[in-house]
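Down below is the structure, laid out as structure tokens.
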Amino acid sequence: MSMSFDPSDRRTVLRGVAVIGAGAALTACGAGPSSSGGESTSDTPAAGTPVGKAADVPVGSGKIFADQKVVVTQLTAGDFKAYSAVCTHQGCIVSSIDKSEIQCACHGSAYSIKDGSVVAGPATTALPSATVTDKNGTLTLG
């Protein structure tokens, strides 16, 4: 028993496959940014934003103000520095300050309290810094 194959049926199938493939390619090209693991960055709040009380930031360490997405450090008395509290790896809010490091519990990244630089990955980008001032015991950005 032999089967005959109509070439027009084959062409129809190949055209259909080509159309589906082109549609899939166009859909992929139009997709938005991926959330699959690229480094992300985030801006700190606007200048003039009150962050918290200077008395809450221990000398030689720092404090995470999660609501404002800011970390404030105080290496020596009265010398405050501010950084974004958003981990540059995947956008988690950093979780703790341990000794001289700002820690992110999501994937283990760590940053220096001195300058926000990466101490341990997977992050490869430092925490963005911001200017912070102590006005009558209240820390304010800008």
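Residue numbers (the numbering used here): 8 to 149.
Beta carbons are placed, not taken as given, at the ideal position from N, Cα and C, and that holds for glycine.
Keep in mind the model is a prediction, meaning the values are calculated, not measured.
Is the beta carbon of residue i within less than 8 Å of some heavy atom of the ligand PLP?
| i | result |
| --- | --- |
| LYS70 | This structure simply doesn't include the ligand PLP, nor any ligand for that matter. |
Tell me which residue opens and which closes the beta strand (DSSP E) that residue i is part of.
| i | result |
| --- | --- |
| SER84 | Checking the sequence, you will find Ala at residue 84 rather than Ser. Looking at the DSSP string, ALA84 is not in any beta strand (DSSP E), and its letter there is neither H nor E. |
| SER103 | 103-105 |
| LYS76 | That residue, LYS76, is in no beta strand (DSSP E); it is neither H nor E in DSSP. |
| SER119 | 117-119 |
| ALA127 | 125-127 |
According to DSSP, is residue i part of a helix, a strand, or is it coil?
| i | result |
| --- | --- |
| GLY28 | With a pLDDT of 45 at GLY28, under the threshold of 50, the modelled position of that residue is not reliable, and the figure given next carries that caveat. Of the three classes helix, strand and coil, the one that applies to GLY28 here is helix, per DSSP. |
| PRO40 | In this predicted model, PRO40 has a pLDDT of only 35, less than 50, meaning its place in the structure is not dependable; the value taken from the coordinates is given anyway. Looking at PRO40 - three-state DSSP - the assignment turns out to be coil, as it is neither helix nor strand. |
| ALA92 | coil |
| ALA137 | strand |
| VAL58 | strand |
Assuming residue i contacts residue j under a Cβ cut-off of 8 Å, what Cβ separation, rounded to an integer in Å, is found between them?
| i | j | result |
| --- | --- | --- |
| SER116 | GLY128 | 6 Å |
| THR145 | LYS60 | 6 Å |
| LYS76 | VAL64 | At roughly 16 Å, the Cβ-Cβ gap does not stay under 8 Å, so LYS76 and VAL64 are not in contact. |
Is any beta-carbon of chain C found at less than 9 Å from that of residue i?
| i | result |
| --- | --- |
| VAL93 | In summary, chain C is missing from the structure at hand, where a single protein chain is found. |
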